[in-house]
Amino acid sequence: MKKLMENCAVPDFRLEDIVNTDAKRTCRILSAILNFIKFHVHMAREGQELEEVMGQQLSELASATHRNAELKQKLGSMQRQKQEEREHEEELEMIIAEQEDLIQRRKEQEVTLRQHLQDVEEQLQKETQKKAILDSGLDKSSQRTEDLRKQIVTSPDKLRARLVKLQQEVEEIKSGTQDSDRLKRMWESLATRAQHIPNHVLKGLDEDMEALTMKTNKASDLESHFTEAIEEKIARQKQTLKEVSSKNQNLVRHLKFVAKEAHEVAYDDQKMLSSQSSKSELERDVYQLQTQVHALQVSEELFARKMDTVKEKLEMMRTQHEERCQEAQTEIDSLVLAVQSYVEKCNMTSVALTP
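Just so you know, the UniProt record's numbering puts the end of the sequence shown at 355, numbered straight through with nothing missing.
Following this line, the structure appears as structure tokens:
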């Protein structure tokens with residue numbers, strides 16, 4: 001009881017204050033008790049407010065922890081995206097290297113084909129010049145052969161007919177002219193020549209004519225064979241030229257394809273540069289996010305330490321408050337019992353004093 005009164009700011013509480021009461025002291029004691037009760041209620045309210053603040057701070061801590069987890073997840077996603085972009089960048093670099101090698105090989109093939117085309121054109125020009133020379137020689141040979149044909153009597157029968165015709169002409173002249181000595185001598189000369197042409201000469205002439213005919217036919221065959229060979233060679237050259245032209249067209253199409261691929265590679269390079277720019281921006285965002293996460297972690301650690309300190313203080317205050325409340329409740333119960341006993345005694349005394 002005395003300890004309770006000391007807590008209620010009544011350090012001089014005595015047993016006489018219950019047995020032999022004094023109105024002033026009783027009022028002062030009751031006022032002290034009421035003040036203690038008010039202080040208890042005030043402290044309970046402060047404890048409740050502290051509990052609300054603690055709950056709010058715990059909610060903020062949970063929200064900050066959740067936000068930290070989200071930021072960590074976002075950071076992991078950005079790091080994975082950065083790794084994927086790095087892998088994509090390596091793939092693009094490999095594709096660019098392959099395209100550069102392909103373009104280099106195509107350039108080398110183009111140079112080889114151009115050189116081959118130039119060689120074929122030079123060879124075709126030489127063959128054309130040779131053909132022109134052979135055509136000129138062939139024309140000359142044909143003209144010479146025709147001239148020889150015109151100069152040759154084609155058969156002995158024609159030769160005999162020619163002699164008979166000449167003889168008839170001489171006879172006509174001989175019969176129609178008085179001065180025939182010169183013509184007679186001419187006729188005798190022709191007759192003598194005709195008589196001196198034996199059969200073996202005529203036969204030899206036939207053989208010579210046949211040999212000449214065979215040579216002429218052989219020359220014609222040679223000319224035809226030579227012409228066919230020239231035409232065949234020209235056809236082969238045309239086919240080669242056609243193949244080279246086709247290869248050249250394929251090369252042109254391939255060059256267009258390579259140019260298109262180069263354009264696409266340039267577009268991929270531009271896209272890669274854009275990706276690198278976005279990657280730089282992403283790296284800056286990641287750095288800023290890491291800074292924010294680090295600052296949030298530091299703030300979270302400070303807040304956690306502060307909350308631990310507040311928790312410790314609240315727990316200590318709660319423990320002290322519970323102990324003081326328990327003591328006050330015990331002392332209040334004792335005081336109530338004492339007041340009830342004092343009131344009963346007062347009533348008994350009042351009844352005893354009543355006449």
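Where is the CB? At the ideal position from N, CA and C, for every residue including glycine.
Bear in mind the structure is a predicted one, so any value in this text is a computation, not a measurement.
Assigned with DSSP and collapsed to three states, residue 39 falls in helix. Here DSSP, grouped into helix, strand and coil, assigns residue 8 to coil. Assigned with DSSP and collapsed to three states, residue 68 falls in helix.
Spanning the alpha carbons of residue 64 and residue 10 requires a straight line of approximately 49 Å.
Distances from the CA of residue 32 to each of 20, 8, 25 were compared; the closest alpha carbon is that of 8. Separation of the CB atoms of residue 37 and residue 13 is rounded to 16 Å, and the pair is thereby denied contact status at 8 Å. Its chain contains 13 as the residues whose beta carbon lies nearer than 8 Å to that of residue 6, once the 5 sequence neighbours on both sides are disregarded; these appear in chain order. Per the coordinates, the alpha-carbon of residue 74 lies some 24 Å from the alpha-carbon of residue 58. DSSP, read as helix, strand or coil, puts residue 58 in helix. Within the model, the alpha-carbon separation for residue 291 versus residue 83 is close to 20 Å. Straight across, the Cα-Cα distance linking residue 123 with residue 136 is about 20 Å. In the three-state scheme derived from DSSP, where H, G and I count as helix and E and B as strand, residue 34 is classed as helix. When the Cα atoms are used, residue 109 and residue 98 turn out to be separated by approximately 16 Å.
A direct Cα-to-Cα measurement between residue 47 and residue 55 gives close to 12 Å. Residues of the same chain with a CB within less than 7 Å of the CB of residue 49, apart from the 5 flanking positions on each side, do not exist. Straight-line measurement puts the Cα of residue 77 at about 10 Å from the Cα of residue 70.
In the structure shown, the three-state DSSP call for residue 22 is coil.
A straight-line Cα-Cα distance of about 16 Å links residue 86 and residue 284. Assignment of residue 15 by DSSP, reduced to helix, strand and coil, places it in the coil class. Non-local beta-carbon contacts of residue 89 in its own chain, meaning distances under 6 Å to residues more than five positions away in sequence, are absent. The closest CA to that of residue 319, considering only 301, 35, 3, 44, is found on 44. A direct Cα-to-Cα measurement between residue 81 and residue 41 gives close to 59 Å.
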